[in-house]
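Notes follow the structure.
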Amino acid sequence: VLSIRGIQEEDPPDAQLMRLDNMLLAEGVSGPEKRGRGAPMAVAATPGGCPNDNSIEHSDYRAKLSQIRQIYHSELEKYEQACSEFTTHVMNLLREQSRTRPISPKEIERMVSIIHRKFSSIQMQLKQSTCEAVMIFRSRFLDARRKRRNFNKQATEILNEYFYSHLSNPYPSEEAKEELAKKCSITVSQVSNWFGNKRIRYKKNIGKFQEEANLYAAKTAVDATNVVAQGNRANSPSTPNSDGFLAPCHTPDGKI
Numbered sequence: 001v002l003s004i005r006g007i008q009e010e011d012p013p014d015a016q017l018m019r020l021d022n023m024l025l026a027e028g029v030s031g032p033e034k035r036g037r038g039a040p041m042a043v044a045a046t047p048g049g050c051p052n053d054n055s056i057e058h059s060d061y062r063a064k065l066s067q068i069r070q071i072y073h074s075e076l077e078k079y080e081q082a083c084s085e086f087t088t089h090v091m092n093l094l095r096e097q098s099r100t101r102p103i104s105p106k107e108i109e110r111m112v113s114i115i116h117r118k119f120s121s122i123q124m125q126l127k128q129s130t131c132e133a134v135m136i137f138r139s140r141f142l143d144a145r146r147k148r149r150n151f152n153k154q155a156t157e158i159l160n161e162y163f164y165s166h167l168s169n170p171y172p173s174e175e176a177k178e179e180l181a182k183k184c185s186i187t188v189s190q191v192s193n194w195f196g197n198k199r200i201r202y203k204k205n206i207g208k209f210q211e212e213a214n215l216y217a218a219k220t221a222v223d224a225t226n227v228v229a230q231g232n233r234a235n236s237p238s239t240p241n242s243d244g245f246l247a248p249c250h251t252p253d254g255k256i
């Protein structure tokens, strides 16, 4: 009786296919679906009830990765079904031919092996394209995330000035956060994250940031001096004219 049972592939497992399988498994695309990798999770919220930016980013990443997973498994199921159907079709043809000519088990094994190799190459293409899709998606996600997190120089200056001018208590109030967010053209959540990260970095390496603190302290002192000087000039009763002489002061009746 012709049967494909007991037929084993003589070829050893393909090394490239194993690497692809390991990568898909590590990314959560293949294997059992893991909560936190392939499955979208509920968006965490801040104490104020607003979704956290990082939680939104991670939830969006997991949701899109889950879509890739679903497409991959759908295509893989189609591949396995097609492979099984075609193998059955070839076995039926061989049964028909066995009525007119002898067919050896070796011939059957060779035909099945050819079918499996053909479909294996298709499977490898599917896995390779899925891996590439995951890598491209991850690269774009990280690039976009990096761009969102890298504030411009002016925003960083504003945040650093506030941080070092309130070094004894670098915890801005909600009103201060909103004001800083407007000045820097970023969100309040980004301001909170920046101050949280800055406090951690500062505490871990106070010596390294002390020089930066001194620079901002000196800058603040210079700015304050300039403001006082401008105020004094504005309140002065007379100012030099273009010739270097004091401009005359006139009384309301026109007398000098």
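The sequence shown begins at 1 in the UniProt record's numbering and counts up by one.
A virtual CB, placed ideally from N, CA and C, is assigned to each residue, including glycine.
For residue i, count neighbouring Cβ atoms within 10 angstroms of its own Cβ and tell me buried if that reaches 16, exposed if not.
{"i": "G48", "result": "Bear in mind that a pLDDT of 42 at G48, under 50, signals an unreliable position, so the number given afterwards is only what the model happens to contain. Classification of G48: exposed, given that the 10 Å Cβ count is below 16."}
{"i": "E27", "result": "buried"}
{"i": "K78", "result": "exposed"}
{"i": "Q81", "result": "exposed"}
Please indicate yes or no: does the CB of residue i lie closer than 7 Å to some heavy atom of the ligand GDP?
{"i": "S74", "result": "For the ligand GDP, the structure offers nothing, since it holds no ligand at all."}
Report the rounded CA-to-CA distance for residue i versus residue j, giving the unit in angstroms.
{"i": "Q97", "j": "P32", "result": "43 Å"}
{"i": "C83", "j": "I108", "result": "16 Å"}
{"i": "Y164", "j": "N205", "result": "15 Å"}
{"i": "A176", "j": "S192", "result": "11 Å"}
{"i": "G196", "j": "P172", "result": "11 Å"}
{"i": "D14", "j": "R110", "result": "18 Å"}
What do you reckon, are the CB atoms on residue i and residue j nearer than 8 Å?
{"i": "K182", "j": "L24", "result": "no"}
{"i": "L159", "j": "C131", "result": "no"}
{"i": "Q16", "j": "M135", "result": "no"}
{"i": "F151", "j": "Y61", "result": "no"}
{"i": "I68", "j": "A133", "result": "yes"}
{"i": "Y216", "j": "E161", "result": "yes"}
{"i": "Y72", "j": "V112", "result": "no"}
For residue i, which of helix, strand or coil comes out of DSSP?
{"i": "M18", "result": "helix"}
{"i": "P102", "result": "coil"}
{"i": "H166", "result": "coil"}
{"i": "V29", "result": "coil"}
{"i": "I186", "result": "coil"}
{"i": "Q152", "result": "Before going further, note that residue 152 is Asn rather than Gln in the sequence given. Coil, per DSSP."}
{"i": "C50", "result": "Low per-residue confidence applies at C50: pLDDT is 42, beneath 50, and the placement is therefore not dependable, though the value from the model is reported in the following sentence. The answer is coil: DSSP assigns C50 none of H, G, I, E or B."}
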